[in-house]
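Visitor: Numbering (full-length UniProt numbering), first residue to last: 1 to 434. The beta carbon of each residue, even a glycine, is placed where N, CA and C say it ideally should be.
1) CB-CB under 8 Å to residue 334, same chain, minus the five flanking residues each way: which ones, in chain order?
2) With respect to 7 Å, is the separation between the Cβ of residue 246 and the closest non-hydrogen atom of the ligand MN below this value?
3) Using a Cβ distance threshold of 8 Å, determine whether the stretch 64 to 80 contacts the stretch 43 to 56, with at least three qualifying pairs required.
4) Which first and last residues belong to the alpha helix (DSSP H) in which residue 158 is found?
5) For the structure I just gave you, are there three or more beta carbon pairs, one from the stretch 145 to 156 and one from the stretch 180 to 196, closer than 8 Å?
6) Report the rounded CA-to-CA distance for residue 224 versus residue 169, giving the unit in angstroms.
7) Is the stretch 28 to 40 in contact with the stretch 363 to 377, if contact means three or more CB pairs nearer than 8 Å?
8) Note down, in chain order, each residue of its chain lying with its Cβ closer than 7 Å to the Cβ of residue 62, except the 5 sequence neighbours on either side.
9) Cutting at 6 Å between CB atoms, please list the residues of its own chain near residue 12, excluding the five before and the five after it.
10) For the structure I just gave you, are there three or more beta carbon pairs, one from the stretch 229 to 236 and one from the stretch 244 to 253, closer than 8 Å?
11) Cα separation between residue 348 and residue 373?
12) With DSSP as the reference, please indicate the residues paired to residue 348 in a beta bridge.
13) Count the other CB atoms within 10 Å of the CB of residue 413; is the residue buried (16 or more) or exposed (fewer)?
14) Whole angstroms are fine: how far does the CA of residue 35 sit from the CA of residue 397?
15) Drop a sphere of 10 angstroms on the beta-carbon of residue 229, count the other beta-carbons inside from all chains shown, and report buried for 16 or more, exposed for fewer.
16) So if DSSP puts residue 227 in a beta bridge, which residue, or which two residues, is it bridged to?
17) Going by beta-carbon coordinates alone, are residue 70 and residue 107 separated by less than 8 Å?
18) On the premise that residue 14 lies in contact with residue 51, defined as a C-beta separation below 8 Å, what is that separation, rounded to the nearest angstrom?
19) By DSSP, does residue 39 sit in helix, in strand, or in coil?
20) Output needed for residue 133: all residues of its chain with C-beta closer than 6 Å, excluding positions within five of it in sequence on either side, in chain order.
21) Would you kindly work out how many angstroms separate the C-alpha atoms of residue 209 and residue 322, rounded to a whole number?
22) Using C-beta distances below 8 Å, list every residue in its chain close to residue 21, excluding the 5 sequence neighbours before and after it, in chain order.
23) Check each candidate in 100, 207, 354, 375 and name the one with the smallest Cα separation from residue 137.
24) Between which two residues does the beta strand (DSSP E) carrying residue 405 extend?
25) Determine, using beta carbons only, whether residue 59 and residue 67 come nearer to each other than 8 Å.
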């Protein structure tokens, strides 16, 4: 999941591009029954395409296809063979915190044995690490440098098909700005192979490829970007980098809802992905929410069956079972479990939320307010356009519309907020955010 970004960091044109991107893409996503894209995630794709909305949308949909192809929603980085791949030091990343400095991906060619196994886990490893590096907004803006170190590499460490797959992924299927590819100590056979590969690359990628020997790397990169074993100042600590990646995974940072999907569907005439259908003994296939790996809900001791809002029966839990389950799953597991729930009904509408005169009343573009459950406040002077506030009724244990879930009021909606409190007879207000 991407780190949050402040809209205050964007200029006026960038904010307008962000709004257009979210409105267009999330309309398509919600019509297809898919979770909406968050603001932070949208910024990743816009930054990668310099806030060109059309190109960013194309990149996003291509990225979803790639995540399905390489089964990213099913990956298990703590289990072999992916864990072994991650710890192999074939690939590591220098996430540079300095302003205006690109991150560096170091690929050690001598460790690759591409013919020994499926490419799936190797590319899962690449995407997993890139996801962590690209959570930082400075990396998104400043881009990436790829160092392919071929020192002591042989023909057995190179695979033509795999190279094309990785270059295509970085070129037009991942939200990163690849600024330079530096190939170190390339043998003659590779340079000949590259001439063939380069015919399949666009001109921009070809122009970013540079060759260097160990002795002249400093002419291409700053000392801080060059590993110590190649004469630079970068003390490569892959174990430390992996600890950061695994900690982030445990905290649930890899659980962007729109990426936890697995099957093809049409979004604006183009195949992307849909929510997986996995039936259980209680739920029909057509209503089954997506199931994420390693989330095992313990069975209820009681045979009591309760009913969810959509009418599907669900097993109950005692308080003791719930506490034990939460302790077992940890914060990351509970978060993944929550994100596995269906976000929106395909038939739900949010037309009032999208109305031009209501846009300034919405704090976030990607957090929608459904027409079916929104709170209507009395219009001012009979003006129907003033009956909107970003708030929805929520059912309680004993009845319908027991609670109201509302966004924190904006300066322009303070009066609307208090009109809602007064007219609905609300007696308790709980602030859940900072």
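Guide: In short, the structure shows the following:
1) Locating residue 334 in the chain shown gives position 334, counting from the first residue. Hits under 8 Å: 326.
2) Of ligands this structure carries none, so the ligand MN is not represented either.
3) no
4) Numbered from 1 along the chain shown, position 158 holds the residue referred to as residue 158. No alpha helix (DSSP H) holds residue 158; DSSP gives it neither H nor E.
5) Under the three-pair Cβ rule at 8 Å, the stretch 145 to 156 counts as touching the stretch 180 to 196.
6) For the purposes of this step, residue 224 is identified with residue 224 of the chain shown, where counting begins at 1. For the purposes of this step, residue 169 is identified with residue 169 of the chain shown, where counting begins at 1. If you take the alpha carbons of residue 224 and residue 169, they lie about 27 Å apart.
7) yes
8) As a first step, residue 62 must be located in the chain shown, where it is residue number 62. If we look at residue 62 and ignore the five residues flanking it on each side, its Cβ neighbours are 172, 173.
9) Position 12 of the chain shown holds residue 12. Contacts found: none.
10) Using a C-beta cut-off of 8 Å, the stretch 229 to 236 makes no contact with the stretch 244 to 253, since fewer than three inter-stretch Cβ pairs fall below that distance.
11) Locating residue 348 in the chain shown gives position 348, counting from the first residue. Locating residue 373 in the chain shown gives position 373, counting from the first residue. Those two C-alpha atoms are separated by around 10 Å.
12) One-based indexing of the chain shown puts residue 348 at position 348. Answer is none; residue 348 lacks a bridge partner.
13) Within the chain shown, the letter at position 413 stands for residue 413. Burial is judged here by how many other beta carbons sit within 10 angstroms of a residue's own beta carbon; residue 413 has at least 16 and is buried.
14) Translated into the one-based positions of the chain shown, residue 397 becomes position 397. Translated into the one-based positions of the chain shown, residue 35 becomes position 35. Looking at the two C-alpha atoms, the distance is approximately 26 Å.
15) On the chain shown, position 229 is the one that residue 229 refers to. Classified as exposed, residue 229 has fewer than 16 neighbouring CB atoms from the shown chains inside 10 Å of its CB.
16) As a working note, residue 227 is residue 227 in the chain shown. 234, per the DSSP bridge assignment.
17) The count along the chain shown starts at 1 and reaches residue 70 at position 70. The count along the chain shown starts at 1 and reaches residue 107 at position 107. No, Cβ-Cβ distance for residue 70 and residue 107 is not below 8 Å.
18) What you label residue 51 is simply residue 51 of the chain shown in a count that begins at 1. What you label residue 14 is simply residue 14 of the chain shown in a count that begins at 1. Rounded to whole angstroms, the Cβ separation of residue 51 and residue 14 is 5 Å, and the two are in contact under 8 Å.
19) For the purposes of this step, residue 39 is taken as residue 39 along the chain shown, with counting starting at 1. Residue 39: helix per DSSP, three-state reduction.
20) Taking the first residue of the chain shown as position 1, residue 133 is located at position 133. For residue 133, where only same-chain residues beyond five positions count, the Cβ hits under 6 Å are 93, 95, 103, 139.
21) Position 209 of the chain shown, counting from 1, holds the residue named residue 209. Position 322 of the chain shown, counting from 1, holds the residue named residue 322. Those two C-alpha atoms are separated by around 55 Å.
22) Locating residue 21 in the chain shown gives position 21, where the first residue counts as 1. So the list reads 42, 45, 46, 53, 56, 57, once near-sequence residues are dropped.
23) By 1-based counting over the chain shown, the position of residue 137 is 137. It is 100 whose Cα lies nearest to the Cα of residue 137.
24) Locating residue 405 in the chain shown gives position 405, counting from the first residue. Where residue 405 is concerned, the enclosing beta strand (DSSP E) stretches over 403 to 406.
25) Position 59 of the chain shown, counted from the start, is the residue given in the question as residue 59. Position 67 of the chain shown, counted from the start, is the residue given in the question as residue 67. Cβ atoms of residue 59 and residue 67: not closer than 8 Å.
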